[in-house]
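For the sequence shown, the residue numbers in this note's numbering are 506 to 778.
Single-structure report; data block below.
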Amino acid sequence: MSKNKLQRFAEMKRFNNVIEPPFEEVFQKDHQLKGRWHDSVFDNDHPIILELGCGKGEYTVNLARRYPQYNFIGIDIKGARMWKGAKQALSEGIRNAVFLRTRIDFIRSFFACDEISGIWITFPDPQPKKPLKRLVSTRFLERYQHFLQHRSVVHLKTDNTQVHQYARLLVYTNELEILRNEGDVHATRDEDLQEIRNIKTFYEQQFIGENKKIKYLAFRLDKDKVLAEPPEEEEDPWSVPKDKKEKSEAVTGARGNDFQEKQLDHNNPPAQP
Ligand SMILES: C[S@@+](CC[C@H](N)C(=O)[O-])C[C@H]1O[C@@H](n2cnc3c(N)ncnc32)[C@H](O)[C@@H]1O
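Following this line, the structure appears as structure tokens:
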């Protein structure tokens, strides 16, 4: 391991905005913070939003700066990346953002029923051969259902066509409400998406440099819905099975294969956490 990484790990142990529980504290058991984040960590009762696979925590830090009336938790297993966001939040005195270093597979150990009000998933690993390992898969969404408030918004930002297609099919298959779906956020001038364009993660900047289109999907997750896996991916990444499409258009106002759904809920625009 590089000296730089070791230094960061050592420094993070002293950061009061980073929680790094050992494996034994979370494997098949509840962590002591479960159900106590408001009182023990944030000292307020503001809604809590998660950034999953936060990397350097660009969304956690930027949203926390912009929305002091919310709390944010960036979660990732990679400590050296997280160090950057944690250090920045500390140096700016941002008190409504903290970081949790853990495997997201154990996320149910950390949050109690209804403790969380929204989720951002920023550039998740595509897992091309193992869709259930995607942070936006049914397996993970089922975990999130346990602690998310009913119909909380899940935001997904990705460069990856397969992940975007999978998530869209999942949403259509399960008739979840889509708030926004964009195939290329940096090509639109839509003001509602300004914040989505302005906050660029580390990976996003690389993907933009490779001329990849950045996609964005925001949907509501119903708490008690039994989720079905979407059908196998189609050859045309923009197509949706006809029967699903007809159903979904009634629900979401989708207008065909370009998927520029404009069924934006202005009380809950995607630019808000
Ligand atoms: C492609 S990177 C994106 C990082 C950051 N969101 C960005 O856009 O720059 C994916 C991140 O997800 C994290 N990750 C993937 N699966 C995870 C899991 N099961 N538990 C915790 N972190 C995970 C990885 O460690 C990595 O930092």
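Idealized CB from N, CA, C, for every residue including glycine.
This one's a predicted model, so the numbers in the text were calculated from it and none came from an experiment.
The beta strand (DSSP E) runs lying completely inside the region 526-570 and spanning 3 residues or more are 553-557, given in chain order. Of the heavy atoms belonging to ligand 1, at least one sits nearer than 8 Å to the Cβ of E563. Residue ranges of uninterrupted beta strand (DSSP E) with 3 or more members, entirely inside the region 679-735 and ordered along the chain, are 683-687, 720-726.
The distance from the Cβ of F724 to that of V676 is about 5 Å, consistent with a contact at the 8 Å cut-off. Nearest neighbour of H655 by Cα position, chosen from K717, L661, L646, turns out to be L646. In this structure, DSSP gives T666 a helical state, which the three-state scheme calls helix. Proximity to ligand 1 was defined by a C-beta distance below 7 Å to any of its heavy atoms, and the residues meeting it, in sequence along the chain, are G558, C559, G560, K561, E563, I580, D581, I582, K583, R586, T607, R608, I609, D610, T627, F628, P629, D630, L640, T706, F707, Y708, E709.
Here DSSP, grouped into helix, strand and coil, assigns V603 to strand. Annotation: the continuous beta strand (DSSP E) that includes F577 extends over 576-581. DSSP, read as helix, strand or coil, puts V658 in strand. Under the Cβ criterion (8 Å, minimum of three pairs), the region 531-542 does not count as touching the region 562-575. Rounded to whole angstroms, A617 and R586 show a C-alpha spacing of 27 Å.
Pairing E556 with I580 gives a Cβ-Cβ distance under 9 Å.
Rounded to the nearest whole angstrom, the C-alpha separation of S507 and F520 is 20 Å. Annotation for G584: the continuous alpha helix (DSSP H) segment containing it runs 584-596. Here I701 really is in contact with Y721; their C-beta atoms are around 5 Å apart, less than 8 Å.
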